[in-house]
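Colleague: Below is a structure I'd like to ask you about.
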Amino acid sequence: MKRVLIIGAGGFIGGFIAAESLRRGYETWVGVRESTSRRYLTDERLHFVTFDYDSSEAMEEVLRSTLPEGEKWDWIIYNLGATKVTNYSDFNRINFSYLRTCVEALEATSMVPERFLYISSLSALGPVDEKTYQPYTSRTIPDPNTKYGMSKIKSETLLDTTPGFPWIIFRPTGVYGPHEQDYLMMIKCIDNHWDFGVGYRKQLLTFIYVDDLVNAMFDALEKAPLRHKYIISEGRSYTQSEFRKIVARTLGKKFVIPVRLPLWMAKVASVVSEKYGILKMKPSTLNSDKYKIMKQRNWSADISDAQRDFGFNPVTSLEKGIEATVAEYRRMKNDKN
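At position 237 of the sequence shown (counting the first as 1) the number is 237 in the numbering used here, and the numbers step up by one without a gap.
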């Protein structure tokens, strides 16, 4: 039986990772902060370990005291990260510095695992070809244009330059599914007969359903070669119109008004929303960083490396994934009513 530690287990994806680890029969540990919600971590078979990522000494102490001397986790999935923040410096602190603390603590305590899977992002690569719409590939040279993307490529570089560290890196596209909040906002808008988009040029979107992403994690840990990076996405791209029609059909909405905001208007709205979030001391979903992501026209992705190396086979089409996501949305909506 493999002993698995999931660092950053409290969020949307973390609960699915923990559930799949248990389903596969692994001894499953979940790394959380003291303040982390455990809403999706209720299975009594889970083992909890509480980390303080701001202190190397505290993290080393926890690592040494959690397992018997001489033992360690076989695999570690590092899912910790922030996708939106109030202060952009928090991207560097949470997405980069916390990873550095973790890597240094594992080395200092001689608890480096057999395999360490780091969940990065397609945003670490920055924009790709928007003229001929060629997809992201393993040969795409990283050139991130957002603070979020910069923090992710810094983290990848840290692993790259740590001699002998047994990493595998995932660069997933937009992850969706039950409990996810950003795509839920889009579903709510379409449920209210509105579909908001940015820009007038063709945009190709890609998605990965959370179950397919999580299955890929464990398949890679079991089979993939070390020190390789993989793009993770469904095997095709969609236009905004196709996405809208799929969601509208699933919701049973025959009348949805598509609204396209010019880029300048979207940028102004992003700045205003960001400033409001700063005043309220809460991270805003719409901000200057997010604007650059929405502005990007091409998110198509080549997943052939993952298919070749560990048999990656995303089985959930956007239609099926949206059905499951909408079903959960309706359940939550009914519970509130």
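We treat Cβ as the ideally placed atom computed from N, Cα and C, and that holds for glycine.
(1) In whole angstroms, give me the CA-to-CA distance for Lys131 and Thr140.
(2) Name the two residues that bound the continuous alpha helix (DSSP H) containing Phe116.
(3) Decide if the segment 308-324 is in contact with the segment 211-228; the criterion is three or more beta carbon pairs, one per stretch, under 8 Å apart.
(4) Can the beta-carbon of Ile293 be found less than 8 Å from the beta-carbon of Ser123?
(5) What is the DSSP secondary structure of Leu67, counted as helix, strand or coil?
(6) In or out: Thr146 buried (at least 16 other Cβ within 10 Å) or exposed?
(7) Is the distance from the Cβ of Arg244 to the Cβ of Val259 below 8 Å?
(8) Could you tell me which residues DSSP puts in a beta bridge with Asn298?
(9) Where DSSP assigns a beta bridge to Leu261, which residues make up the other side?
(10) Would you grab the beta carbon distance between Val4 and Thr36 for me? Rounded to a whole angstrom, and I think it's under 8 Å.
(11) By Cβ distance, which residues of its chain are closer than 7 Å to Leu46, with the 5 residues on each side in sequence left out?
(12) Based on Cα-Cα distance, which residue from Thr83, Gly174, Phe91 and Arg33 lies nearest to Ala301?
(13) Would you grab the beta carbon distance between Ser138 and Lys229 for me? Rounded to a whole angstrom, and I think it's under 8 Å.
(14) In chain order, what residues of the same chain lie with their CB nearer than 6 Å to the CB of Gly197, ignoring the 5 residues before and after it?
(15) Cutting at 6 Å between CB atoms, please list the residues of its own chain near Ile322, excluding the five before and the five after it.
(16) According to DSSP, simplified to helix, strand and coil, what is Lys229?
(17) So what does DSSP say about Arg331, is it helix, strand or coil?
(18) Expressed to the nearest angstrom, what Euclidean distance is found between the alpha-carbon atoms of Gln296 and Ser65?
(19) Which full runs of the alpha helix (DSSP H) of 4+ residues lie inside the segment 53-113, going along the chain?
(20) Quick one: is Ala327 buried, meaning 16 or more other Cβ sit within 10 Å of its Cβ, or exposed?
(21) At which residues does the alpha helix (DSSP H) containing Gly8 begin and terminate?
(22) Ignore the nearest five residues each way along the sequence and tell me which others in Val271's own chain have a CB closer than 7 Å to its CB.
(23) Grouping DSSP H, G and I as helix and E and B as strand, with all else coil, what is Phe165?
(24) Specify whether the segment 182-194 and the segment 107-123 touch according to this definition: at least 3 beta carbon pairs, one from each stretch, less than 8 Å apart.
(25) So, does the segment 93-109 touch the segment 303-314, judging by three or more C-beta pairs under 8 Å?
(26) So for Tyr209, helix, strand or coil by DSSP?
(27) In the structure shown, what three-state DSSP assignment does Glu319 receive?
(28) Among the candidates Arg100, Leu204, Ile278 and Leu117, whose CA atom is the shortest distance from the CA of Ala220?
(29) In whole angstroms, what separates the C-alpha of Leu158 from that of Pro144?
(30) Once the 5 residues before and after Ile231 are set aside, which same chain residues still bring their CB inside 6 Å of it?
Modeller: The answer reads as follows:
(1) 15 Å
(2) Here Phe116 belongs to no alpha helix (DSSP H); instead the beta strand (DSSP E) covers Arg115 to Ile119.
(3) yes
(4) yes
(5) coil
(6) buried
(7) no
(8) Leu204
(9) Val198
(10) That belief does not hold up - the Cβ atoms of Val4 and Thr36 are roughly 18 Å apart, past 8 Å.
(11) Ala18, Thr28 and Val30
(12) Gly174
(13) 7 Å
(14) Gln240 and Arg260
(15) Ile246, Val247 and Thr250
(16) strand
(17) helix
(18) 46 Å
(19) 56-66 and 98-108
(20) exposed
(21) Here Gly8 belongs to no alpha helix (DSSP H), and DSSP marks it neither H nor E.
(22) Ser288
(23) coil
(24) no
(25) no
(26) strand
(27) helix
(28) Leu117
(29) 16 Å
(30) Tyr136, Arg171, Ala301 and Ile303
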